[in-house]
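Using full-length UniProt numbering, read the sequence shown as starting at 1 and increasing by one per residue.
For each residue, glycine too, the CB sits at the ideal point set by N, CA and C.
These notes are about the structure you will find just below.
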Amino acid sequence: TGEKPFTCKECGKSFKTKQILCTHELSHTGEKPYVCIECGKGFYQKGHLNVHSLVHSTKKPFICTECGKTFIVKQLLHEHFLIHTGEKPYACPECGKLFRLKQLLTSHLLTHTGLKPYTCPECGKRFAFRGNFYQHLHLHTGDKPFSCTECGNCFATKVQLQRHHLLHTGEKPFVCTECNLSFAGLANLRSHQHLHTGEKPYKCTECGKCFRFKGHLTSHMKIHSGIKAFICTECGKEFTHKYSLRKHQRIHTSEKPYVCTECGKSYKQRRSLNDNLRIHTGEKPFACTECNKTFLSASCLQAHKQTHTGLKPFQCNECGQLFSRKGNSNVHLQSHTGEKPYTCAECGKSFTTKVTLNHHRYTHTGKKPYPCTECGKCFRQKYELRCHQYSHTGENPFECTECGKSFPSRARFNRHRNIH
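Here's what the structure looks like:
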């Protein structure tokens, strides 16, 4: 009949039988009466214990014909196979969104009801999903029970461990159907796919800015709240986000945990490592919709786009000069302050930017890493190579608006401009 007369007093969920209700109520009390004799793990239901026990037998008789992955029970194989077929048989009656698994649909339905039955006893924060609730608890306890057997790194959740483990295996099972780029995680693939669609469905109610993901919007909203809860113990600087604090702390520790396997260069941020890797592969996945020019990174593309719009949103407070990029504005500001924070360890000479320091170091090492593909001549700096290449092409891209004369380099153009 579909009747569900037995209702949970904690969350209001209804069930067909009292036995199912009693089993469900254990999820609120935390009681797990069925314990595995092999590892001591507890379960709410006997059926869950029986399925778990197969983990210890190491027997996985159910094999995926597409990729060869093996499973303990047939149900897991069936759920896995939907990844290959793309089938999503479970539809949300509220919004029509489709899901691969029934439990994903059940979790999604809570977003419509607004029900959050799981409350943190430490801070009172409420959660719709049990998994998110338990994950949140680790923030208070500092507990990281999932350890990587390869490197010993510990993680708060099993999902985080599985995602980390792909770094060791190099496996990238999620492939973009548009450009065939592969990714270690499904979330990374979805993030990438928005580059093709341009979709940004999450809009900030304060300023109207749109985001590809709800998490990015949530993170952005903290800017409007003005709350900076994360404080550096070294210098007292405050941050809105924990990841911003972590990134900042590397200034004090000089830690560079992200190492390029190609050239050995290390970076403070994963994004910088990814940009470096593209230099080795030659990949330029970010394309300008105006002129089809491609770029190594999203930031380079964004900076380039402003050459089409002419927009210069960053203004110097000292002299009023406008800049298209914040980095250029910051470098320019040092011309007023006289600050040169980057010092050469060889000769003690100081520079306003790290890039300038790195270029200067080549005068000590004699290294000229930028060779011309036409004649083999090598250069210390990339822009020197670019200017030299114009001697082969005959191109003079820097044109004087006063007299129409053009030049192969910006330096020669600037010298000429002083005549006028």
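| message | Please classify SER324 as buried or exposed, where buried requires at least 16 neighbouring CB atoms within 10 angstroms. | response | buried
| Looking only at C-alpha atoms, which of CYS260, ARG246 and THR261 sits nearest to SER254? | ARG246
| In its own chain, which residues sit with a C-beta less than 7 Å from the C-beta of THR157, not counting the 5 before and 5 after it? | GLN135 and PHE146
| said: I need the DSSP call for GLU283, collapsed to helix, strand or coil. | reply: coil
| Going straight from the alpha carbon of LEU189 to that of SER182, what length do you get? | 8 Å
| said: Quick test of your reading: PHE62 and LEU77, contact by CB under 8 Å. State the CB separation rounded to the nearest angstrom. | reply: 4 Å
| said: In the DSSP output, which residue or residues are listed as bridge partners for ILE231? | reply: GLU238
| field | Inter-residue CB distance, HIS248 and LYS237 (contact presumed, cutoff 8 Å) | value | 6 Å
| query | Would a C-beta distance cut-off of 8 Å place GLU10 and PRO117 closer than the cut-off? | reply | yes
| request: Express the C-alpha separation of LEU296 and THR7 in angstroms, rounding to a whole number. | output: 56 Å
| field | Host alpha helix (DSSP H) of THR106 (start-end) | value | 102-113
| request: Below 8 Å CB to CB, which residues in the same chain sit around GLU178 once its five sequence neighbours on both sides are set aside? | output: GLN193 and HIS196
| query | For ILE63, which of helix, strand or coil comes out of DSSP? | reply | strand
| request: Output yes or no for whether 8 Å exceeds the beta carbon distance between HIS304 and LYS312. | output: no
| Excluding sequence positions up to five away, which residues of its chain have a Cβ less than 8 Å from the Cβ of ALA91? | LYS97, LEU98, PHE99 and LEU105
| query | Under three-state DSSP, which class holds THR156? | reply | One detail in the question is off: residue 156 reads as Ala in this sequence, not Thr. The answer is coil: DSSP assigns ALA156 none of H, G, I, E or B.
| Which residues does DSSP pair with ARG126 in a beta bridge? | THR119
| field | Beta-carbon spacing of VAL35, LEU54 below 8 Å | value | no
| Does the distance from the C-beta atom of HIS241 to that of LYS268 stay below 8 Å? | no
| field | Proximity of TYR202 and LEU186 at Cβ, strictly below 8 Å | value | no
| Would DSSP call THR7 helix, strand or coil? | strand
| query | Out of VAL175, ASN330 and HIS388, which has the shortest C-alpha to C-alpha gap to HIS84? | reply | VAL175
| So what does DSSP say about THR70, is it helix, strand or coil? | strand
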